[in-house]
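Visitor: These protein sequence lines map, in sequence, to chains A and B. Residue 13 in the working numbering is what sits at position 13 of the first sequence, and the numbering runs on without skipping anything. Numbers in the working numbering are just positions in the second sequence, counted from 1, shifted up by 114. Just so it is clear, CB atoms sit at the ideal spot from N, CA and C, and this is done for glycine as well. Remember, predicted model here, so these are calculated numbers, not experimental data. The structure's right below; bear with me while I get my questions together.
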Amino acid sequence: EAQVTQNPRYLITVTGKKLTVTCSQNMNHEYMSWYRQDPGLGLRQIYYSMNVEVTDKGDVPEGYKVSRKEKRNFPLILESPSPNQTSLYFCASSFPGAATDTQYFGPGTRLTVL
Amino acid sequence: SQQGEEDPQALSIQEGENATMNCSYKTSINNLQWYRQNSGRGLVHLILIRSNEREKHSGRLRVTLDTSKKSSSLLITASRAADTASYFCATDAGNQFYFGTGTSLTVIP
């Protein structure tokens, strides 16, 4: 089954404790992206990747890191989480070579930073 | 920010009625897409309209695009209770995506 998976689905952590949210897709998509969703603000793009070893900042990259060492995986790293990073996070991927085409979304990761 | 906005923020209709929601954006685009989200779950793609298209249909969905006004509308005809969800428009600028703030649609059985 074609899908985007994220882990964990729920995470409660404390300020400053490094964490990684994994994202994996099995559709051979080149384009992958991370978003955060906050009430009243919609979805905002954090980082995106056009292909392996190619990553770029989105609208709200501060406090986040990403890596793209393999085509299928695109982890989101919070080196020192803060309470303002409490949010619902989504990973998404798009068809090969079509950055502006349909995006397939993962189920989301709800993060709470205390 | 280049984020778009949907209007209205919330919409409540009776089953069988049509639902119309609008999206405005700020910059030139390649495509505009509409997505649906059920209560905190992942977004699901509904329809894509390219910048050189003015109208597109898919089942009960009809999308229009007016690039001169930088706006789009999504019409859902003969709504069903299962259409209850939040709807987002998304535009692209280069390789980045910008989502609107969403319209929350409630369809009352």
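Using a beta-carbon distance cut-off of less than 8 Å, what residues from the stretch 47–67 of chain A approach chain B?
Guide: From the stretch 47–67 of chain A, only 48, 50, 56, 58 and 59 have a Cβ closer than 8 Å to chain B.
Visitor: Helix, strand or coil: which one does DSSP assign to residue 84 of chain A?
Guide: helix
Visitor: Taking its Cβ as the centre, do 16 or more other Cβ atoms sit within 10 Å of residue 32 of chain A, making it buried, or is it exposed?
Guide: So residue 32 of chain A ends up on the buried side.
Visitor: Assuming contact is defined by CB atoms lying nearer than 8 Å, are residue 145 of chain B and residue 162 of chain B in contact in what I supplied?
Guide: yes
Visitor: Determine contact between the stretch 102–110 of chain A and the stretch 149–159 of chain B, defined as no fewer than three beta-carbon pairs at a distance below 8 Å.
Guide: Yes, the stretch 102–110 of chain A touches the stretch 149–159 of chain B.
Visitor: Using a Cβ-Cβ cutoff of less than 8 Å, which residues in the same chain neighbour residue 7 of chain A once the five nearest sequence positions on both sides are dropped?
Guide: The answer, listed in chain order, is 21, 22 and 109.
Visitor: Can you find at least 3 beta carbon pairs, one from the stretch 85–95 of chain A and one from the stretch 172–190 of chain B, that sit closer than 8 Å?
Guide: Contact between the stretch 85–95 of chain A and the stretch 172–190 of chain B is absent, with fewer than three C-beta pairs closer than 8 Å.
Visitor: In chain order, what are the residue ranges of uninterrupted beta strand (DSSP E) at least 3 long that sit wholly in the stretch 146–221 of chain B?
Guide: 157–164, 169–172, 175–180, 185–190, 199–207 and 210–213
Visitor: Give me the DSSP bridge partner(s) of residue 135 of chain B.
Guide: DSSP, once it has assigned bridges, lists B:188 as partnering residue 135 of chain B.
Visitor: Using the C-alpha atoms, what's the distance from residue 202 of chain B back to residue 59 of chain A?
Guide: 17 Å
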